[in-house]
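Below is one structure, written out as structure tokens; the observations come after it.
Protein chains: 2
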Amino acid sequence: MTSSGLRSGELADAAGVNQQTLRYYERRGLLASPQRSPGGHRIYPAETVTLLRIIKTAQRLGFTLNEVADLLDAGRHRHGRRPDSGLQARARDKLAEIEQKLTDLTVIRDTLRAAISAGCDDLVSCADSPCCPLPFAELAQRNDNAGH
Amino acid sequence: MTSSGLRSGELADAAGVNQQTLRYYERRGLLASPQRSPGGHRIYPAETVTLLRIIKTAQRLGFTLNEVADLLDAGRHRHGRRPDSGLQARARDKLAEIEQKLTDLTVIRDTLRAAISAGCDDLVSCADSPCCPLPFAELAQRNDNAGH
DNA sequence: TTGCATCCGGTACCTGGGTACAGGCTTACC
DNA sequence: GGTAAGCCTGTACCCAGGTACCGGATGCAA
Numbered sequence: 253m254t255s256s257g258l259r260s261g262e263l264a265d266a267a268g269v270n271q272q273t274l275r276y277y278e279r280r281g282l283l284a285s286p287q288r289s290p291g292g293h294r295i296y297p298a299e300t301v302t303l304l305r306i307i308k309t310a311q312r313l314g315f316t317l318n319e320v321a322d323l324l325d326a327g328r329h330r331h332g333r334r335p336d337s338g339l340q341a342r343a344r345d346k347l348a349e350i351e352q353k354l355t356d357l358t359v360i361r362d363t364l365r366a367a368i369s370a371g372c373d374d375l376v377s378c379a380d381s382p383c384c385p386l387p388f389a390e391l392a393q394r395n396d397n398a399g400h
Numbered sequence: 253m254t255s256s257g258l259r260s261g262e263l264a265d266a267a268g269v270n271q272q273t274l275r276y277y278e279r280r281g282l283l284a285s286p287q288r289s290p291g292g293h294r295i296y297p298a299e300t301v302t303l304l305r306i307i308k309t310a311q312r313l314g315f316t317l318n319e320v321a322d323l324l325d326a327g328r329h330r331h332g333r334r335p336d337s338g339l340q341a342r343a344r345d346k347l348a349e350i351e352q353k354l355t356d357l358t359v360i361r362d363t364l365r366a367a368i369s370a371g372c373d374d375l376v377s378c379a380d381s382p383c384c385p386l387p388f389a390e391l392a393q394r395n396d397n398a399g400h
């Protein structure tokens, strides 16, 4: 390994994350428990910076921390692989998920545009106006999309 | 008003929400405190079903419960209106928000597609392969979009 | 009047991704 | 060896939008 190692504050700075986040990731199984100094302080190998960058990248692609942990695990013992465990397969699933969200958000966008150009200015009056474009009648009922 | 009124279970069924949710909305200021029976049971006017439908519709359009509460309030005392308080203005802001999310998700989608067609199958090996399309180098750092 | 369904308030818990704080130890530098 | 910066553990809290459980009180029909 490269020279000595990083202390938690140094690693946090280098990777641009909070120091508490490091311990949080350790609890969540994303980071292995690092070596300790005689007094109990964590000493991380330098590659951990890369690992954190990997984690952040996967997060940005829409994977949850659990999924990232799985993905890292799957990469670690890639002998005797089940065919569903690689990044390829997971990326395909995630892509489908993202595409679904895009579809949902597009419907929402179009509805908002319709409401704007119809001049809607009050929800309650809209609700009993028959010409309002807002979908008060139930709609597909999948929520997961919009409200962040 | 139409006849007698609804009890909380009836309203919940009629509107397709959980009974606890009604009390939750009452605490959050989305539903006014209804009349009570002599024994303290809530009695809702029949229009509350419509109101709940309105709330759900606004939620589906991406408004948070706080925003929905504001929107309903703004509609209620629409005398002496500030010009930013109508549905029009809020819908325009929300539309911009949704469009930003669409843009972000589109970037994510394209990145996933690139990773899939480049055949990436392991994050850790990708991270030090120079030809991997995954953006390990920092990227725009706005997260709010993907992770649901 | 009895019995059961329903409702009450209060509080705790859930997901997901962290962040903050308190009180005490370790490390580094002079 | 003193002092300050940094680190330790444990616990609690934050956002949003609910959901679940509890013991006790009510409502309604037979």
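Each protein sequence line maps, in turn, to chains A and B. Residues 253 to 400 (my numbering) are what the first sequence spells out, left to right. Residues 253 to 400 (my numbering) are what the second sequence spells out, left to right. In this text, a Cβ means the ideal position worked out from N, Cα and C, and glycines have one as well. Since the structure is predicted, the reported quantities are computational estimates derived from the model, not experimental observations.
Find the residues of chain A that neighbour Pro387(B), judging by a C-beta separation of less than 8 Å, and give them in chain order. Annotation: Cβ neighbours of Pro387(B) in chain A (cutoff 8 Å, chain order): Thr309, Arg312.
DSSP three-state assignment for Arg259(B), whether helix, strand or coil: In the structure shown, Arg259(B) sits in coil (DSSP, three-state: anything other than H, G, I, E or B).
Segment limits, alpha helix (DSSP H) that includes Asp345(B): Residues 339 to 369.
Of all the CB atoms in chain A, is at least one closer than 8 Å to the CB of Gln271(B)? So no, Gln271(B) is outside the interface.
Out of curiosity, what's the CA-to-CA distance linking Ser381(A) and Glu299(B)? The straight-line gap from Cα to Cα measures roughly 15 Å.
Apart from the five residues on each side of it in sequence, which residues of its chain come closer than 6 Å, Cβ to Cβ, to Gly314(B)? These residues qualify, in order along the chain: Lys346, Ile350.
If we count Cβ pairs, one from each stretch, closer than 8 Å, do we get three or more for the stretch 267 to 283 of chain B versus the stretch 301 to 310 of chain B? Yes: at least three Cβ pairs fall under 8 Å.
Out of curiosity, what's the CA-to-CA distance linking Ser260(A) and Ser377(B)? Ser260(A) and Ser377(B): Cα-Cα distance of roughly 25 Å.
Alpha-carbon to alpha-carbon, Leu263(B) and Gln272(B): Each residue's alpha carbon lies about 11 Å from the other.
Does the ligand MG have even one heavy atom less than 7 Å from the beta-carbon of Ala267(B)? With respect to the ligand MG, the structure offers nothing, as it holds no ligand at all.
Is the CB-CB distance between Leu354(B) and Arg361(A) below 8 Å? For Leu354(B) and Arg361(A), yes; Cβs fall inside 8 Å.
When you compare only the Cα positions, how much space is there between Ala321(B) and Arg279(B)? Taking the straight line joining both Cα atoms gives about 11 Å.
Residues of chain B with CB under 9 Å from Val376(A), in chain order? Scanning chain B for C-beta atoms nearer than 9 Å to the C-beta of Val376(A) yields Thr302, Leu303, Ile306, Leu324, Gly327, Arg328, reported in chain order.
Against chain B, with Cβ distances strictly below 8 Å, would Gln340(A) count as a contact? At a cut-off of 8 Å between C-beta atoms, Gln340(A) counts as an interface residue with respect to chain B.
Beta-carbon proximity list for Thr363(B), same chain, < 8 Å, skipping 5 on both sides: Cβ within range, chain order: Pro385, Leu386, Pro387.
Does the distance from the CB of Tyr296(B) to the CB of Gly327(B) come in under 8 Å? Result no, Cβ atoms of Tyr296(B) and Gly327(B) do not sit closer than 8 Å.
For Ala389(A), which residues from the same chain have a beta carbon less than 6 Å from its beta carbon, with the 5 sequence-adjacent residues on both sides left out? Once the five neighbours on either side are set aside, Ala389(A) has no close Cβ partner at all.
In angstroms with no decimal places, state the Cα-to-Cα distance between Leu375(A) and Pro290(B). The alpha-carbon atoms of Leu375(A) and Pro290(B) are separated by roughly 33 Å.
If we count the other Cβ atoms within 10 Å of its Cβ and call it buried at 16 or more, is Asn397(A) buried or exposed? Confidence is the limiting factor: at Asn397(A) the pLDDT is only 43, short of 50, which leaves the residue's position unreliable and the question unanswerable from this model.
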